[in-house]
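2 protein chains.
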Amino acid sequence: MSKKKLPSRTEDYNDWYNTVVMRADLADYGPARGTMIVKPYGWTLWENMQQALDRRFKDTGHVNAGFPMFIPKSFIDREASHVEGFSPELAVVTIGGGKQLEEPLVVRPTSETIIGHTYSKWINSYRDLPVLINLWNSVVRWELRTKLFLRTLEFWWQEGHTAHATYEEAQEETLQMLDVYIDFARNEAAIAPFYGRKSNSEKFPGADVTYSIEAMMGDKKALQAGTSHNLGQNFAKAFDIQYLDNNNEMQYCWTTSWGLSTRFIGAMIMTHGDDQGIIMPPRLAPHQVVLIPIYKDDDQKTIVMETVERISSELLDHDIRVHIDDREGFTPGHKFNHWELRGVPLRMEIGPKDIANQSVTLARRDIVGKEGKSIVSQDNITSIVSDLLIVIQDSLLERATKFRDSNTYEPRDYDHFKEIVADGFALAWWCGEDTCEIAIKTETKATSRCIPDIDLPVKGGTCIHCGKMAKDKAYFAKSY
Amino acid sequence: MSKKKLPSRTEDYNDWYNTVVMRADLADYGPARGTMIVKPYGWTLWENMQQALDRRFKDTGHVNAGFPMFIPKSFIDREASHVEGFSPELAVVTIGGGKQLEEPLVVRPTSETIIGHTYSKWINSYRDLPVLINLWNSVVRWELRTKLFLRTLEFWWQEGHTAHATYEEAQEETLQMLDVYIDFARNEAAIAPFYGRKSNSEKFPGADVTYSIEAMMGDKKALQAGTSHNLGQNFAKAFDIQYLDNNNEMQYCWTTSWGLSTRFIGAMIMTHGDDQGIIMPPRLAPHQVVLIPIYKDDDQKTIVMETVERISSELLDHDIRVHIDDREGFTPGHKFNHWELRGVPLRMEIGPKDIANQSVTLARRDIVGKEGKSIVSQDNITSIVSDLLIVIQDSLLERATKFRDSNTYEPRDYDHFKEIVADGFALAWWCGEDTCEIAIKTETKATSRCIPDIDLPVKGGTCIHCGKMAKDKAYFAKSY
């Protein structure tokens, strides 16, 4: 009960993050080094995210399937960039059923290779295209420095894998799924990410182009929160995914892949959280409203609980996710802290005074203290609560957008750039060369996050680092 | 297009099964030996099953969580029966991130051990109980003889894991989840399983008691389609899951686990299928109705498609899962066969004659040929279709129940028993000894499937094999 105070975000952001994740019962470490247990409260959040994404995937014509976690090791070697990117991170099964395996199996770090192998069998003619499949599963990457949600040995995600007849279709798909992620981030998670193309050194191993969404965390570092890859014909050639076109000629397919993972939970925590703990965006919150009955004796309890149950049913009937905290042996104050830490967007207190006045007391999680509190009538409580949840959702997005924009600058020169990326995002002209990017990273710890391809004058400025002519502007920031 | 005819079930049941699974696009083998790819049509079926089960789990107070797939190898060794049962089937990761691991990790064959380890950390006092958690994931067992859905290296399932303060509560949970599986089988999958307690030799490694549902397949063999285990204090003692009771004394918890897997898809195929292919129970069918437009030229097509689209929207608005097969270049006859093979419960044909008569032609999948066809008015088409889907669902359950009952007998003597289990189920008195069960298996290939604990006279009969006094009756059958 008497747990020590949360670390404050300004004093030690890292400690704050680790403490809230554990103490809010979102996740825990598993017994094998670096693995994660997502606890029921965290998993319910993930289920809500899955539903919001899955609906968007199905609306854009995708279907789900289930693919094996085991991939013959030789598959990884077939695409040159892919093997280079993933080989160091593989978990390898060498023993099965008590016997040494002739060919070791890797536990999928991502499924492009087994998808490539399979699509080459499934796709024969242009009539079979496009193939639009998504997988919900977990993948394994042997990370050395782990952090719950952000980087663990195994994590949960979705990976979309599509095959098309033309480059144009594949590019359209890649951008469509980037849009889906932006829409999900904004309208479900109340996160306003920057988005754009990744630099050459930051793109997915095996992609022609990677697009990403990049969110600004509370400590002004960037977090890559979703990626969409145009894989060109790289995997089609490595795995022989060909189709007979309508001129009866064999053509290689154009493929894409795109993914968003439980890492995104970390992004939500670090976007919205405050020194009291987590703040869940109402649309994804496991509990949208927590109802706290307040009473001093059994008589009061009987009367209070009657109203609590009635209001809870009304809200549930309108698909509002309500939780009644009727635990015995805990003070209301303890319960307030408990649910503040866990980020429930709206708290409803009902005590004898509320019963007498036919009112309830509401407390917004996003506005701490008295300013966030209001006493409202029990009449129309459902519409009051629904409206307020929308207000909270909008206000979280507005706050996140403002925070992002007020910490993003266009640098005058490289000294200014260094100053900016020490504590924010820089949007800077850049020559696009790997060497400049490496030098910037060494000198400032910031990397290019994404290239927004926004409307730019035909002639660009000059690279913030080397001064050469630059075609692109990119966001630079320190990142997770 | 010109695929050869399906094998008939009577000629070669095994060949029939393998052929329909592949040809109906439910599943395929993965590149690593014995692994399975569940294709979109099969995965949609699994998603519908997941929803129907998950709703029941949540209604009975359970929440979902995510646990790691990797378990330290030493965990498996802690519970004596468990290690004996699962050791021969393990997939072992020995290399991670390019290095030999100090302690190998097994890919979970089931999660009792990692759950035990974790619950021992999470549970402190009686206030923390019960813990009611379910996981949706995949598990790996190194099977040598594989068959799609029935036995593959990796399969998808749910595994529930609960911890309780008393034996009674754990037993109540175990039986409650058995009831959930029976209810799901009957009311969603139209399967009428027998159910009861498993014999000592057939129970889960580490359980005190295992209960199962056992369905009769079209070849009169049994398929275990779901299990619920009372684990007693076996895992609580092996993993030190203790709680402080309200007298301030430490007590071991009582735990349960229960699971149902993609194997159940095999049970549905082999319960309802016929020589034309699969028959999907309407409540779980990916497509409940397939709409086939019939026309000879573009003018007819325009008129027909208008009605097809209108009726499709009407049905969709009432949450009926409709699919329009408007593929060009395929005859209606080809489409009929295509969807018959895939088991869509109801086919709706709309041609120029239907347009003229304001009618549609319906064909039930469960009644082949003219008897299953009817011409109905387009007015009230939604209620006609909903009603018919219920009729089909009920009729599949009735047919499966009749088939089961008309192939289950109580044997007069052991000769009669042998005759029965050669082609059906026997419900026989049995002494309960392992030795008798082994002898029966050797002599007849049949094993005890479950002990129904039905109302029996206080004094039992005599064992069908050894003639000794018997307390129990058990179902015996050859099984998958």
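Same order as they appear, the protein sequences are chains F and R.
The working numbering applies: residue -8 is where the first sequence begins, and numbers increase by one.
The working numbering applies: residue -8 is where the second sequence begins, and numbers increase by one.
Note that CB positions come from ideal geometry on N, CA and C, so glycine has one too.
Fair warning: this is a prediction, and the values are worked out from it, not measured in the lab.
I think residue i touches residue j, with their Cβ atoms under 8 Å apart; what is that distance to the nearest whole Å?
i	j	result
R/Leu380	R/Thr399	The pair is not a contact, with the Cβ atoms about 29 Å apart (cut-off 8 Å).
R/Met60	R/Arg99	5 Å
R/Leu275	R/Leu126	With 8 Å as the limit, R/Leu275 and R/Leu126 do not qualify as a contact, their Cβ atoms being about 21 Å apart.
F/Ile315	F/Gln369	F/Ile315 to F/Gln369, Cβ: 16 Å. No contact.
R/Phe467	R/Thr438	7 Å
F/Glu145	F/Met27	7 Å
R/His73	R/Glu103	7 Å
R/Glu163	R/Pro121	No, R/Glu163 and R/Pro121 are not in contact; Cβ-Cβ is about 10 Å, not under 8 Å.
R/Val47	R/Asp174	Checking the sequence shown, residue 47 of chain R turns out to be Arg, not Val. R/Arg47 to R/Asp174, Cβ: 7 Å. Contact.
For residue i, which residues from the same chain have a beta carbon less than 8 Å from its beta carbon, with the 5 sequence-adjacent residues on both sides left out?
i	result
F/Gly363	Ala354, Arg355, Arg356, Asp357
R/Ile105	Phe58, Pro59, Ile62, Phe66, Arg99
R/Phe77	Ile67, Pro100, Thr101, Arg132, Pro196
Where does residue i land, buried or exposed, given buried means 16+ other C-beta within 10 angstroms?
i	result
R/Ala413	exposed
F/Asn348	exposed
F/Cys454	buried
F/Asn5	exposed
R/Gly21	buried
F/Thr153	buried
R/Gly320	exposed
R/Arg24	buried
R/Gly360	exposed
Whose C-beta lies closer than 7 Å to the C-beta of residue i among residues of the same chain, with five residues either side of it excluded?
i	result
R/Gly473	In the structure as shown, chain R begins at -8 and stops at 471. Residue 473 of chain R is therefore absent and cannot be evaluated.
R/His407	none
R/Gly107	Phe226, Ala229, Phe230, Ile232
F/Glu75	Pro196
R/Leu141	Arg254, Gly257, Tyr471
F/Ser386	Asp357
R/Asp444	Gly187, Arg188
R/Gly452	Trp420, Ala461
F/Gln291	Pro343
When the Cα of residue i is compared with those of the options, which residue comes out closest?
i	options	result
R/Ser219	R/Glu193, R/Tyr234, R/Ala213	R/Glu193
F/Thr247	F/Met296, F/Ala227, F/Val351	F/Ala227
R/Ser65	R/Val351, R/Pro95, R/Tyr234	R/Pro95
F/Pro336	F/Ala181, F/Leu166, F/Val367, F/Arg440	F/Ala181
F/Arg136	F/Trp7, F/Val12, F/Glu80	F/Glu80
R/Gly342	R/Asp385, R/His329, R/Asn328, R/Met296	R/Met296
R/Thr10	R/Gln267, R/Glu424, R/Ser129	R/Gln267
F/Thr293	F/Lys459, F/Gly264, F/Ile346	F/Ile346
F/Val281	F/Glu319, F/Met339, F/Leu306	F/Met339
R/Glu389	R/Phe48, R/Pro184, R/Asn238, R/Lys(-4)	R/Pro184
F/Ala156	F/Val12, F/Phe327, F/Tyr110, F/Ser(-1)	F/Tyr110
F/Thr435	F/Ile411, F/Gln91, F/Gln279	F/Ile411
F/Ile515	F/Cys457, F/Gly415, F/Val359	Limits of chain F in this structure are -8 at one end and 471 at the other, which puts residue 515 of chain F out of reach.
R/Asp3	R/Asn128, R/Val130, R/Asp265, R/Ser129	R/Asp265
Taking the Cβ atom as the reference point for each residue, do residue i and residue j lie within a distance shorter than 8 Å?
i	j	result
R/Pro272	R/Glu179	yes
F/Lys409	F/Ile442	no
R/Trp421	R/Ala391	no
F/Ile283	F/Gly334	no
R/Leu222	R/Gln149	no
F/Ser203	F/Lys212	no
F/Tyr186	F/Leu169	yes
F/Thr143	F/Ala206	no
R/Lys30	R/Leu17	yes
F/Trp245	F/Tyr158	yes
F/Thr373	F/His309	yes
F/Ile366	F/Ser350	yes
F/Val84	R/Val313	no
F/Asn55	R/Glu424	no
F/Ile285	F/Pro323	yes
F/Asp50	F/Tyr234	no
R/Val12	R/Leu139	yes
Grab me the residues of residue i's own chain with a C-beta within less than 6 Å of its C-beta, minus the 5 sequence neighbours each way, in chain order.
i	result
R/Asp236	Tyr117, Gln242
R/Trp7	Pro(-2), Arg0
F/Ser(-7)	Model confidence at F/Ser(-7) stands at a pLDDT of 44, short of 50, so the residue's coordinates are unreliable; what they give is reported in the following sentence. There are no such residues.
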